[in-house]
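Quick notes on the structure that follows.
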Amino acid sequence: MNVLVLNCGSSSIKYQLLDMSETPEVKAKGLVERIGLETGDLCHKNDKGEKYESKQPVPNHTVGIKLVLEALIDKNHGVISSLDEIKAVGHRVAHGGEHFKESVRLDADAIAKIESICDLAPLHNPAHLLGMRAILDVLPQVPQAAVFDTSFHQTMPASSYMYPLPYRMYEQYKIRRYGFHGTSHKFVAEKACDILGWNIAEKKIITCHLGNGASITAVKYGKSVDTSMGFTPVEGVMMGTRTGDLDLGALLFIMEKENLSVSQANSFINKNCGVNGVSEISSDMRDLEAESEKGNERAILTLDMYAHRIKKYIGSYAAVMNGVDLIVMTGGIGENSCHTRKLVFSDMDYLGIKFDFELNKGLRGKDETLSLPDSKVKIMTITTDEELVIATDTKKLVFG
Ligand code: ADP
3 MNVLVLNCGS SSIKYQLLDM SETPEVKAKG LVERIGLETG DLCHKNDKGE KYESKQPVPN
63 HTVGIKLVLE ALIDKNHGVI SSLDEIKAVG HRVAHGGEHF KESVRLDADA IAKIESICDL
123 APLHNPAHLL GMRAILDVLP QVPQAAVFDT SFHQTMPASS YMYPLPYRMY EQYKIRRYGF
183 HGTSHKFVAE KACDILGWNI AEKKIITCHL GNGASITAVK YGKSVDTSMG FTPVEGVMMG
243 TRTGDLDLGA LLFIMEKENL SVSQANSFIN KNCGVNGVSE ISSDMRDLEA ESEKGNERAI
303 LTLDMYAHRI KKYIGSYAAV MNGVDLIVMT GGIGENSCHT RKLVFSDMDY LGIKFDFELN
363 KGLRGKDETL SLPDSKVKIM TITTDEELVI ATDTKKLVFG
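Note that the working numbering has the sequence shown beginning at 3, numbered continuously upward.
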């Protein structure tokens, strides 16, 4: 049973076709980029590892989706013989606002609700809607579902999600903390508990999703009770190009000094700061680690800041939950950066952490326990798989 997973951005469509019959299997994946520009790119990879690339104008998402479907049924590099083999489509949706506490099968009402919160995610939700409408256009008989980055965090208590702003701002504009990466936080917390043979409903877990975007979540008894991203994905730990937590006064000061408009300031805090901004080297951890090994002081400072800010969240979430049983590292950096993990878990014995520094060395992209057997708190790396969650939820919603 094939489920097509789509992640539609304003000028791109990321996709995976998964066979969800028994053991889930990725049959094909790829990316359409530069939608709306003069020439668009399609990059498609099938389950034999064969790559197919093409360039042509892709004026809109409907044309982009048609290209994806053609690639999937192509005689040479395709993986299915007809579009009838696609039984459902699952969309990653960035923002579900307060409407969606879980994934949903798409109907006119769900689409209207996603549309009604476009101003909370102006870059993302309109693009997801384009993808949904393109599927309605091209595959009208195929059921669709939406899986939200925010829904796992809808269990946060008001004391976590409210900002210290006048209350009317919440009532009038729905300004509150929503959190993101929920699909990943939920998946890795559950997977770690499965591996350990633990009942998630009895455990206190801190999940660290560290990719280009990064967030940390306190998962108490299976529910998100706090998370580091807020109203937007700018809040929280330091990221590849986003600031993370910053004194609001500093931003106002910079806007005044550099004469930045609101949209320039928005672009600045999202694209020019974080690891890239401090290091002035790169936003990619691999480049920074290579430079720090050569003794580059700015790279060393950046990596130290990055780990310091993660440590602060771990400490505060242990306080929020009155303890912690397990810390999970995931995302490109959490899964692969031994250096970041070493810095984060050094000098954490006050929490009862005994980290296996030897096993940590060179450990990449694996599900592994990185704490010593007598550590009070377990540390694990877990590989995340957001597309699998989307396909699983979609299958459940469509076929029960
Ligand atoms: P995205 O948020 O775009 O999905 P990823 O989860 O793929 O991001 O993570 C990207 C980050 O992972 C980059 O900063 C990259 O440098 C880092 N990364 C990937 N492999 C390694 C590695 N072997 N060592 C250190 N960092 C790595």
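Quick reminder that beta carbons are idealized off the backbone N, C-alpha and C, glycines included.
In this text the structure is predicted, and so the values were computed from the model without any measurement.
Tell me which residue opens and which closes the beta strand (DSSP E) that residue i is part of.
i    : result
K380 : 380-383
E72  : Here E72 belongs to no beta strand (DSSP E); instead the alpha helix (DSSP H) covers 63-75.
N78  : Careful: N78 lies outside any beta strand (DSSP E) and carries neither H nor E.
Q146 : 146-150
E35  : 27-35
T332 : 328-332
Y17  : 15-21
T229 : 225-229
C10  : 4-10
For residue i, I'd like the list of residues in its chain whose CB is within less than 7 Å of its CB, leaving aside the five on either flank, ordered along the chain.
i    : result
L69  : V34, L44, V60
T233 : Per the sequence presented here, residue 233 reads as Phe, with Thr not at that position. Counting only Cβ-Cβ distances below 7 Å, and skipping sequence neighbours, we find I177, R178, R179, Y180.
T304 : V277, V280, S281, L290
K206 : K222, M323, G325, V326, D327
S12  : L125, A129
V400 : A90, R107, P145, A147
G367 : E337, N338, T385
N272 : V236, T243, R244
S284 : N278, L290
L167 : I177
K344 : F359, N362
M164 : Y172, R178
What span of residues does the alpha helix (DSSP H) with residue i cover, start to end?
i    : result
Y412 : The question about residue 412 has no answer, for the chain in this structure spans 3 to 402.
H126 : Premise fails: H126 is in no alpha helix (DSSP H) and is neither H nor E.
A203 : Counting along the chain, A203 falls outside any alpha helix (DSSP H), and DSSP gives it neither H nor E.
D2   : Here the chain has residues from 3 to 402 only, and residue 2 is not among them.
Y169 : 169-175
D395 : 388-401
V91  : That residue, V91, is in no alpha helix (DSSP H); its beta strand (DSSP E) goes 88-95.
I355 : Unbroken run through I355: none, as it is neither H nor E.
K47  : No alpha helix (DSSP H) contains K47, which is instead part of the beta strand (DSSP E) from 42-48.
S217 : S217 -> not in any alpha helix (DSSP H); beta strand (DSSP E) instead, spanning 216-222.
M257 : 250-259
H310 : 299-322
K344 : 340-347
In chain order, what residues of the same chain lie with their CB nearer than 8 Å to the CB of residue i, ignoring the 5 residues before and after it?
i    : result
A390 : Note that residue 390 is Leu in the sequence shown here, rather than Ala. Closer than 8 Å at Cβ, skipping near neighbours: L20, P26, F189.
I82  : N4, L19, K29, L74, I75, I88
L131 : I113, I116, E117, C120
C340 : N362, K363, G364, L365, R366
M307 : M240, V280
N127 : V95, A96, H97, I116, E117, I119, C120
Are residue i and residue j closer than 9 Å when you measure CB to CB?
i    : j    : result
G66  : A123 : no
T230 : Q156 : Looking at the sequence provided, one finds Ser at residue 230 rather than Thr. No. Outside cutoff.
H93  : A30  : no
C195 : G336 : no
K193 : I316 : no
I37  : S14  : yes
M22  : T394 : yes
S105 : T396 : yes
S377 : G354 : yes
M257 : A216 : no
I208 : A320 : yes
D351 : R311 : no
A292 : V346 : no
L253 : M382 : no
L1   : L141 : In the structure as shown, the chain begins at 3 and stops at 402. Residue 1 is therefore absent and cannot be evaluated.
D228 : S162 : yes
M287 : T342 : yes
Quick check: is any heavy atom of the ligand FAD less than 8 Å from the C-beta of residue i?
i    : result
S377 : As for the ligand FAD, it is missing from this structure, which binds only the ligand ADP.
If you drop the 5 nearest sequence neighbours on each side, which residues of the same chain put their C-beta closer than 6 Å to that of residue i?
i    : result
F150 : V95, G98, F102
N9   : K16, R94
I302 : S294
T64  : A136, D139
A388 : Reading off the sequence, residue 388 comes out as Glu, not Ala. Same-chain partners within the cutoff: T185, S186.
Thinking residue i and residue j are a contact (beta carbons under 8 Å), I'd like their distance in whole angstroms, please.
i    : j    : result
G333 : G213 : 4 Å
V330 : A191 : 6 Å
I392 : T185 : 7 Å
G42  : Q58  : 6 Å
G32  : K50  : Rounded, the Cβ-Cβ distance is 14 Å, inconsistent with contact.
S373 : K398 : Not really, about 33 Å apart at Cβ, beyond 8 Å.
F255 : L262 : Actually they are not in contact, since the Cβ atoms of F255 and L262 sit about 11 Å apart, beyond 8 Å.
So that I know if they touch, is there some Cβ in chain D lying closer than 9 Å to that of residue i?
i    : result
Q156 : No chain D is part of this structure, which consists of one protein chain only.
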